[in-house]
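What follows is a short report on a single structure.
Residue numbers (this note's numbering): 253 to 691.
In structure tokens, the structure reads:
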């Protein structure tokens, strides 16, 4: 059953019309500020822990960093089902405003934790931040089809995806810069996060109403049973389920590349922190560029061709990163020295290729999921996506850890990921093409 578009624009809708009024811009600003704030807080917290500014008894920094990652992702596993039911049964604009108020309260708690130097309070804030993101996630993607026309969804998703990656990068860099101040940065850091959360709430107040297709009252009391129920519901929608699996695979690949990028830069390329930031910037810009290329390629209709092309690009980039990685790295090389080496330009090109290909791969999948899933189930479908995403990202961490423990280097991990991507993403893309032909 296709989605009904109550606020659809005429077929000649343009990008400039997308940004006019309240249909899209307030949501974009709200999600951009939220992603920026999440990553600024997490980045600063992890750096302050890693460098010993924040301590928790005898627990090692490495253990605390892993605990932070687990606490942030845990709400996605426990509460995504309830968040999806909530998005399908209540006004999505009201939920967005409520989650932004929760974000402000969480950042106030985080500011208190920074002021007191309490790791326990900061870990609680991190868990609640994950809960807030869990509740907002289904709203972000389920709200778009209610306010936009079918011809606008591809462009809107492109902006959302590009904006999210830019916000992640800027937030990570901003958090790192603030954390560089050590003890003196803790109070300004907390106040900055509260200010950004307040700005996000103000933006959310401009989101137009988005009443539910099926009003009701969600259940929060059975997280595991509810999670199983939304996964079964998602599997019953064959086309959207394939898109969901492919999107989660994109996050598997992305997590494998991005998580290991700092280690690769330090140990294989011999670059310093500025080189890491450069490559992260290339990755961020590349995903946004790939998303916009996909939007122009598809012309408003989700098509499998960019997905297959993106999968091929990811594999080619991974193979070339493995083949072109230096065997004898330099030592603490800065950006200028790094870019002066022709071999480094090959690495930059490969990072750009894998990210552009990722944007090509993922954008049509998000749009296909939104267009083909019934509106009354879309919130739960996005919640199921969040659950599967979390599982795939945990699997990516385990996959990389197992290969590294077996003696592989980062280039070999990326080689294995590239080869696996050829099989997995190619299979999903071809099955999607057959599903579309049968529809």
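Quick reminder that beta carbons are idealized off the backbone N, C-alpha and C, glycines included. The structure presented is a predicted model; accordingly, all values stated were derived computationally and were not measured.
Can you give the Cα-Cα distance for residue 229 and residue 566, rounded to whole angstroms? Outside the shown range of the chain (253 to 691) lies residue 229, about which nothing can therefore be said.
What's the gap between the Cα of residue 308 and the Cα of residue 376? 13 Å
State the Cα-Cα distance for the pair residue 561 and residue 555, rounded to the nearest angstrom. 11 Å
Evaluate the contact criterion for the segment 280-300 versus the segment 417-424: three or more CB pairs, one atom per stretch, below 8 Å. yes
Measure the beta-carbon distance from residue 373 to residue 364 and round it to whole angstroms, keeping in mind my assumption that it falls under 8 Å. 6 Å
Beta-carbon contacts of residue 270 that lie in its chain and below 7 Å, excluding the five residues immediately before and after: 276, 404, 407 and 408
Is it true that the CB of residue 680 sits closer than 7 Å to the CB of residue 498? yes
With residue 524 and residue 585 assumed to form a contact (beta carbons below 8 Å), what rounded beta-carbon distance in angstroms separates them? 6 Å
Beta-bridge pairing of residue 523 - partner residues as DSSP gives them: 585
Three-way DSSP call (helix, strand, coil) for residue 572 in this model: helix
Which residues mark the beginning and the end of the alpha helix (DSSP H) in which residue 294 is found? 277-302
Once DSSP output is grouped into helix, strand and coil, what is the label at residue 305? coil
Kindly indicate the opening and closing residues of the alpha helix (DSSP H) around residue 603. 594-624
So for residue 310, helix, strand or coil by DSSP? coil
Give me the Cβ distance between residue 486 and residue 352, rounded to the nearest whole Å; I'm assuming they're in contact under 8 Å. That pair is no contact at about 27 Å.
Same chain, Cβ closer than 6 Å to residue 652, five either side skipped, listed in chain order: 508 and 665
Below 7 Å between beta carbons: does that hold for residue 538 and residue 596? no
What three-state label does DSSP hand residue 332 in the structure shown? helix
Which residue comes first and which comes last in the alpha helix (DSSP H) that contains residue 404? 402-431
Identify which residue in 332, 636, 457 and 592 has its Cα closest to the Cα of residue 496. 636
Residue 490, DSSP secondary structure in three states: helix
Which word fits residue 311, buried or exposed, when buried means at least 16 other C-beta atoms lie within 10 angstroms of its C-beta? exposed
Alpha carbon to alpha carbon, what distance is there between residue 534 and residue 387? 30 Å
The alpha helix (DSSP H) that contains residue 447, what's its start and end? 438-456
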